[in-house]
Amino acid sequence: GESVGLHLPTLSVQEGDNSIINCAYSNSASDYFIWYKQESGKGPQFIIDIRSNMDKRQGQRVTVLLNKTVKHLSLQIAATQPGDSAVYFCAENGETSGSRLTFGEGTQLTVNP
Amino acid sequence: EAQVTQNPRYLITVTGKKLTVTCSQNMNHEYMSWYRQDPGLGLRQIYYSMNVEVTDKGDVPEGYKVSRKEKRNFPLILESPSPNQTSLYFCASSLGGSNQPQHFGDGTRLSIL
Chain Y
1 GESVGLHLPT LSVQEGDNSI INCAYSNSAS DYFIWYKQES GKGPQFIIDI
51 RSNMDKRQGQ RVTVLLNKTV KHLSLQIAAT QPGDSAVYFC AENGETSGSR
101 LTFGEGTQLT VNP
Chain A
114 EAQVTQNPRY LITVTGKKLT VTCSQNMNHE YMSWYRQDPG LGLRQIYYSM
164 NVEVTDKGDV PEGYKVSRKE KRNFPLILES PSPNQTSLYF CASSLGGSNQ
214 PQHFGDGTRL SIL
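Residue numbers (our numbering), protein chains in the order written: chain Y, 1 to 113; chain A, 114 to 226.
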């Protein structure tokens, strides 16, 4: 069946280091992928997205990499800051109708000062 | 300010007592969606709406109803709540579908006793 999952449920890094959060998906028909950040007591916030016709996209301090061959998605955060501590979710849109989004279980990122 | 507003933020109620969680967005978005978030299961889609008077089931629609009479509002209705519907609920909206970034509300925590 379709699934989106994360390799590591928790990740702890030092302030200033780079962070890499991984995500695996199983639906080869997925054409849109997105990363969200969720802080405690808040709703998910959009970070960055990527479509299946790309393999890399950069934002401010964040980069998303998409490897369609092995169905793998990653989020890289450069110079991680304490404010980056949160749960990060990947999600995929597995239907071409653009109507449904499937989320992974989330990775808790902790940034140590 | 662009936002998705959910009410109430917290509710404790009893089995069988009908309740409605309201959701309103001020961004003129066409797409709206409801999710529930449970530990270890991530975010799961309950219902979504592509436009006014158009609603469809997500992954976990049982026990829920929705309506979309106006573009800005997308209420979630629990006709006869049960304890397994105790969860954290999020409403989200996007301009044109789940293949575009969704804006999330801050969540509604429901406890069904």
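Positions of the beta carbon are idealized from the N, C-alpha and C atoms, including for glycine.
Cut-off 6 Å between Cβ atoms - residues of its own chain near residue i, not counting five sequence neighbours on either side
i, result
"A/Ile125", "Ser224"
"Y/Asp49", "Ile34"
"A/Arg222", "Tyr123, Leu201"
"Y/Cys23", "Leu6, Leu73, Cys90, Gly104"
"A/Met91", "Outside the displayed span of chain A (114 to 226) sits residue 91 of chain A, for which this structure offers no information."
"A/Trp147", "Ile159, Tyr160, Leu189, Cys204"
Neighbour flag for residue i against chain Y, beta carbons, 8 Å
i, result
"A/Asn212", "yes"
"A/Phe187", "no"
"A/Asp151", "no"
"A/Gly220", "yes"
"A/Gly155", "yes"
Sequence-distant residues of the same chain with beta carbon closer than 7 Å to residue i, five excluded per side
i, result
"Y/Pro82", "Glu15, Val111, Pro113"
"Y/Arg51", "Asp31, Tyr32"
Neighbour list for residue i in chain Y, Cβ cutoff strictly below 8 Å
i, result
"A/Tyr161", "Ser99, Arg100"
7 Å Cβ cut-off: residues of chain A touching residue i
i, result
"Y/Glu39", "Per Cβ cutoff of 7 Å: no residues; Y/Glu39 is ~10 Å from chain A at best."
"Y/Tyr32", "Asn212"
"Y/Asn93", "Ser211, Asn212"
Proximal chain Y residues relative to residue i, where beta-carbon distance stays under 9 Å
i, result
"A/Gln158", "Arg100, Leu101, Thr102, Phe103"
Limits of the unbroken beta strand (DSSP E) element including residue i
i, result
"Y/Glu92", "86-93"
"A/Gly171", "It is not in any beta strand (DSSP E) - A/Gly171 carries neither H nor E in the DSSP assignment."
"A/His142", "Run containing A/His142: none; DSSP gives neither H nor E here."
"Y/Asp49", "45-51"
"A/Gly155", "155-164"
"A/Phe241", "Chain A is shown from 114 up to 226; residue 241 of chain A falls before or after that span and cannot be answered."
"Y/Ala24", "19-25"
"Y/Lys56", "56-58"
"A/Arg222", "221-225"
"Y/Val62", "62-67"
Whole-angstrom C-beta distance between residue j and residue i, which should lie under 8 Å
i, j, result
"A/Asn212", "Y/Tyr32", "4 Å"
"A/Val117", "A/Phe217", "6 Å"
"A/Leu191", "A/Lys131", "7 Å"
Sequence-distant residues of its chain with Cβ nearer than 8 Å to residue i (five each side left out)
i, result
"Y/Gln45", "Tyr36, Lys37, Gln38, Glu39"
"A/Arg181", "Met145, Ser162, Asn164, Val165, Glu166, Val167, Thr168, Phe187"
"A/Lys184", "Asn141, His142, Glu143, Asn164, Val165"
Minimum Cβ-Cβ distance from residue i to chain A less than 8 Å
i, result
"Y/Asp49", "yes"
"Y/Gly59", "no"
"Y/Gly1", "Caution applies to Y/Gly1, whose pLDDT of 31 falls short of 50 and renders its modelled position unreliable; the value that the coordinates give is listed next. For Y/Gly1, the answer is no, since every Cβ of chain A falls outside 8 Å of its Cβ."
"Y/Leu11", "no"
"Y/Gln108", "no"
Neighbouring residues, chain Y, relative to residue i (Cβ below 7 Å)
i, result
"A/Gly171", "Arg100"
Where residue i meets chain A, residues with beta-carbon distance less than 9 Å
i, result
"Y/Lys42", "Phe217, Asp219, Gly220"
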